[in-house]
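Undergrad:
There are 2 protein chains.
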Amino acid sequence: MPSAHTKKLSFKQQQLQFRENAILDTVNKLLAKKGFDLMTMDEVAADVGIAKASLYKHFESKEVLSAASMTRLMEQTITVALSLPQALSPLDKLKSIVRWAIQTHLGGTMPLLPSTRSTIQQALLAHPPYIDKLSTLTEHLGTWIQAAQDNGTLSKTLPGEVILYTIFARSCDPVADFLKMGGAFSDTEIVDLLIQTCFDGMTG
Amino acid sequence: MPSAHTKKLSFKQQQLQFRENAILDTVNKLLAKKGFDLMTMDEVAADVGIAKASLYKHFESKEVLSAASMTRLMEQTITVALSLPQALSPLDKLKSIVRWAIQTHLGGTMPLLPSTRSTIQQALLAHPPYIDKLSTLTEHLGTWIQAAQDNGTLSKTLPGEVILYTIFARSCDPVADFLKMGGAFSDTEIVDLLIQTCFDGMTG
DNA sequence: GTCTATAAAATGATAGAC
DNA sequence: GTCTATCATTTTATAGAC
Numbered sequence: 004m005p006s007a008h009t010k011k012l013s014f015k016q017q018q019l020q021f022r023e024n025a026i027l028d029t030v031n032k033l034l035a036k037k038g039f040d041l042m043t044m045d046e047v048a049a050d051v052g053i054a055k056a057s058l059y060k061h062f063e064s065k066e067v068l069s070a071a072s073m074t075r076l077m078e079q080t081i082t083v084a085l086s087l088p089q090a091l092s093p094l095d096k097l098k099s100i101v102r103w104a105i106q107t108h109l110g111g112t113m114p115l116l117p118s119t120r121s122t123i124q125q126a127l128l129a130h131p132p133y134i135d136k137l138s139t140l141t142e143h144l145g146t147w148i149q150a151a152q153d154n155g156t157l158s159k160t161l162p163g164e165v166i167l168y169t170i171f172a173r174s175c176d177p178v179a180d181f182l183k184m185g186g187a188f189s190d191t192e193i194v195d196l197l198i199q200t201c202f203d204g205m206t207g
Numbered sequence: 004m005p006s007a008h009t010k011k012l013s014f015k016q017q018q019l020q021f022r023e024n025a026i027l028d029t030v031n032k033l034l035a036k037k038g039f040d041l042m043t044m045d046e047v048a049a050d051v052g053i054a055k056a057s058l059y060k061h062f063e064s065k066e067v068l069s070a071a072s073m074t075r076l077m078e079q080t081i082t083v084a085l086s087l088p089q090a091l092s093p094l095d096k097l098k099s100i101v102r103w104a105i106q107t108h109l110g111g112t113m114p115l116l117p118s119t120r121s122t123i124q125q126a127l128l129a130h131p132p133y134i135d136k137l138s139t140l141t142e143h144l145g146t147w148i149q150a151a152q153d154n155g156t157l158s159k160t161l162p163g164e165v166i167l168y169t170i171f172a173r174s175c176d177p178v179a180d181f182l183k184m185g186g187a188f189s190d191t192e193i194v195d196l197l198i199q200t201c202f203d204g205m206t207g
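Residue numbers (the working numbering), protein chains in the order written: chain X, 4 to 207; chain G, 4 to 207.
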């Protein structure tokens, strides 16, 4: 009975997928909280509730584990981007993405951009699935940036590259953390303030 | 002959100061390049050209050493702020400080803002000299921000706190690193672009 | 104060039983 | 695949001679 056999295998695979997703949830949270260098595999295992050796049966190294987490995050971001109302203007689409990212960041599940100072950067560059998702997202954003420049809602003189990097950087702006630590503003207010300074600056 | 004795002591102290300054130069550079967590004491000692044990005769721990380096950086920043031409408008003073910081950052001697994710953050908060310098700088910047809001060159509706944190954050913006890595822009161009997006946003 | 040598702790990764 | 126990390495910090 091949169907039963297939079904059983599929079920096992679903269990596996489920477990690995739980692991990535933890990694995502810890990466957001402490960053790659300060996150330890002991910590991850403890948070998931399994032994460290078991963790290594799922992911062969800390780098691969983190890359998998970042890749899933990229996929989620792309999903959000593609589910935006078509009626939105290109500029509003860009703002919506940044808004979602800052909200997620404040919620504690958006890791900081792997800066050039982190060990994880090269691991990500060597991880094709991540590069692939990053390229896809960059393409979408690039299209919107171009369109926004064409209709005059974004500066035409600013290089697209600068706008793109700025959007990525503001999505995990440490200013959000400092404002939250200050305690004077609600999460919603923080998001609005950051969106404003990001797109309109501080002079207006 | 007390004068000779005093002179000798003073000379020794000058030598000590000189050596410790050389150490802090190295720490500053390494903090900018790798950050606190990835910088090792072996590395610092090797770069300075002394044994690690000697390093610990000067600074009792990695935290204290890094805090001393960051404190000196704060002092330098205050010096730059105080030596700005009085004729400059408050807004131009703020821009000048950010400009100087980004230039220094691109030059490789401006550490990233100790984010909430780094171990160094609490060490700095527990280091009175650093807090003292930080307060002084914050006071100066706060005065300029208020003045710029009063004369209408900075948004009056934006909380001063938000402007202050944004200025601190943009002074070591990772966008600068990414643009530099891209290789399409000179350092001068990068500085101009970041100043523009920081103060005027991306819509104008 | 500078050195060599080493302690002490943390941490990425693995062995081997079940 | 999960566990316990352990290895190997890195790294902060110190001991002790000179």
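Here a beta-carbon is modelled for each residue, glycine too, at the ideal position from N, C-alpha and C.
Which residue from G:183, G:188, G:173 puts its Cα closest to that of residue 177 (chain X)?
TA: Here residue 177 (chain X) refers to the residue found at position 174 when the first sequence is read from its first residue. Ranking G:183, G:188, G:173 by Cα distance to residue 177 (chain X) puts G:173 first.
Undergrad: Which residue from G:21, G:161, G:207, G:82 puts its Cα closest to that of residue 139 (chain G)?
TA: What you label residue 139 (chain G) is simply residue 136 of the second sequence in a count that begins at 1. With distances taken between Cα atoms, residue 139 (chain G) lies closest to G:82.
Undergrad: Taking only beta-carbon atoms, is residue 168 (chain X) less than 8 Å away from chain G?
TA: Residue numbering aside, residue 168 (chain X) sits at position 165 when the first sequence is read from its first letter. Yes, residue 168 (chain X) counts as interfacial toward chain G.
Undergrad: Near residue 167 (chain G), what residues of its chain come up, given a Cβ to Cβ distance below 8 Å and the 5 sequence neighbours on each side ignored?
TA: Here residue 167 (chain G) corresponds to residue number 164 of the second sequence, with the count starting at 1. Around residue 167 (chain G): 141, 144, 145, 148.
Undergrad: Taking C-beta to C-beta, are residue 197 (chain G) and residue 151 (chain G) nearer than 8 Å?
TA: Start at 1 with the first residue of the second sequence, and residue 197 (chain G) comes out as number 194. Start at 1 with the first residue of the second sequence, and residue 151 (chain G) comes out as number 148. No, they are not a contact pair.
Undergrad: Would residue 30 (chain G) and residue 91 (chain G) be called neighbours here (beta carbons separated by less than 8 Å)?
TA: The count along the second sequence starts at 1 and reaches residue 30 (chain G) at position 27. The count along the second sequence starts at 1 and reaches residue 91 (chain G) at position 88. In this structure, residue 91 (chain G) does not lie closer than 8 Å to residue 30 (chain G) by Cβ.
Undergrad: Would you mind giving the Cβ-Cβ distance between residue 44 (chain G) and residue 133 (chain G), rounded to the nearest angstrom? I have them listed as a contact below 8 Å.
TA: Within the second sequence, numbered from 1, the residue matching residue 44 (chain G) stands at position 41. Within the second sequence, numbered from 1, the residue matching residue 133 (chain G) stands at position 130. Not a contact, Cβ separation roughly 20 Å.
Undergrad: Should residue 118 (chain X) be flagged as near chain G, meaning a C-beta pair shorter than 8 Å?
TA: Taking the first residue of the first sequence as 1, we reach residue 118 (chain X) at position 115. Closer than 8 Å to some Cβ of chain G, the Cβ of residue 118 (chain X) qualifies, so yes.
Undergrad: Say whether chain X places a C-beta atom closer than 8 Å to the C-beta of residue 3 (chain G).
TA: A query on residue 3 (chain G) cannot be resolved here, the shown segment of chain G reaching from 4 to 207 and no further.
Undergrad: What in chain G is Cβ-close to residue 43 (chain X), meaning under 7 Å?
TA: Start at 1 with the first residue of the first sequence, and residue 43 (chain X) comes out as number 40. Residues of chain G passing the Cβ test: none, with the nearest at roughly 12 Å.
Undergrad: On the criterion of 16 or more Cβ atoms from any shown chain inside 10 Å, does residue 182 (chain G) qualify as buried, or is it exposed?
TA: In the second sequence, the residue the question calls residue 182 (chain G) occupies position 179. So residue 182 (chain G) ends up on the buried side.
Undergrad: Express the C-alpha separation of residue 162 (chain G) and residue 79 (chain G) in angstroms, rounding to a whole number.
TA: Within the second sequence, the letter at position 76 stands for residue 79 (chain G). Within the second sequence, the letter at position 159 stands for residue 162 (chain G). Those two C-alpha atoms are separated by around 27 Å.
Undergrad: Just checking: is the beta-carbon of residue 164 (chain G) within a distance shorter than 8 Å of some beta-carbon in chain X?
TA: Counted from its first residue, the second sequence places residue 164 (chain G) at position 161. Closer than 8 Å to some Cβ of chain X, the Cβ of residue 164 (chain G) qualifies, so yes.
Undergrad: Exposed or buried, residue 171 (chain G), counting other C-beta atoms within 10 Å across all chains shown (16 or more means buried)?
TA: Looking up residue 171 (chain G) in the second sequence gives position 168. Residue 171 (chain G) comes out buried.
Undergrad: Check whether the Cβ atoms of residue 130 (chain G) and residue 35 (chain G) sit closer than 8 Å, and answer yes or no.
TA: Counting from one through the second sequence, the residue named residue 130 (chain G) turns up at place 127. Counting from one through the second sequence, the residue named residue 35 (chain G) turns up at place 32. No. Outside cutoff.
Undergrad: Quick check: what's the CA-CA separation for residue 65 (chain X) versus residue 25 (chain X)?
TA: Reading the first sequence from its first residue, position 62 is the one you call residue 65 (chain X). Reading the first sequence from its first residue, position 22 is the one you call residue 25 (chain X). Distance between the alpha carbons of residue 65 (chain X) and residue 25 (chain X) is about 16 Å.
Undergrad: What does a CB cutoff of less than 7 Å around residue 127 (chain X) pick up in its chain, not counting 5 residues either side in sequence?
TA: Here residue 127 (chain X) is taken as the residue at index 124 of the first sequence, counted from 1. So the list reads 70, 73, 117, 133, once near-sequence residues are dropped.
Undergrad: Using only the alpha-carbon positions, how far apart do residue 154 (chain X) and residue 102 (chain X) sit?
TA: Taking the first residue of the first sequence as 1, we reach residue 154 (chain X) at position 151. Taking the first residue of the first sequence as 1, we reach residue 102 (chain X) at position 99. Rounded to the nearest angstrom, the two C-alpha atoms are 22 Å apart.
Undergrad: Which residues of chain G have a Cβ atom closer than 7 Å to the Cβ of residue 205 (chain X), listed in chain order?
TA: Your numbering for residue 205 (chain X) matches position 202 in the first sequence. Going along chain G in sequence order, the residues near residue 205 (chain X) (Cβ under 7 Å) are 157, 158, 161, 166, 169, 202.
Undergrad: Whole beta strand (DSSP E) runs in the stretch 121-149 of chain X with 3 or more residues, listed along the chain?
TA: None, since the stretch 121-149 of chain X contains no complete beta strand (DSSP E) of that length.
Undergrad: If you drop the 5 nearest sequence neighbours on each side, which residues of the same chain put their C-beta closer than 7 Å to that of residue 165 (chain G)?
TA: Position 162 of the second sequence, counting from 1, holds the residue named residue 165 (chain G). Answer for residue 165 (chain G): no residue qualifies.
Undergrad: Sort G:47, G:114, G:203, G:58 by Cα distance to residue 75 (chain G) and report the nearest one.
TA: Position 72 of the second sequence, counted from the start, is the residue given in the question as residue 75 (chain G). Comparing Cα-Cα distances from residue 75 (chain G) to each of G:47, G:114, G:203, G:58, the minimum goes to G:114.
Undergrad: Short of 6 Å in beta carbon distance, which residues of its chain neighbour residue 190 (chain G), apart from the five on each side in sequence? Order them along the chain.
TA: Working through the second sequence from its first residue, we reach residue 190 (chain G) at position 187. Taken in chain order, the residues that qualify are 109.
Undergrad: Identify whether residue 53 (chain X) lies in helix, strand or coil by the three-state DSSP scheme.
TA: Here residue 53 (chain X) refers to the residue found at position 50 of the first sequence. Correct three-state label for residue 53 (chain X): coil.
Undergrad: For residue 47 (chain G), go through chain X and note every residue whose CB falls closer than 7 Å to its CB, in chain order.
TA: Residue 47 (chain G) sits at position 44 when you count from the first residue of the second sequence. Result: empty, since nearest Cβ-Cβ is about 16 Å, beyond 7 Å.
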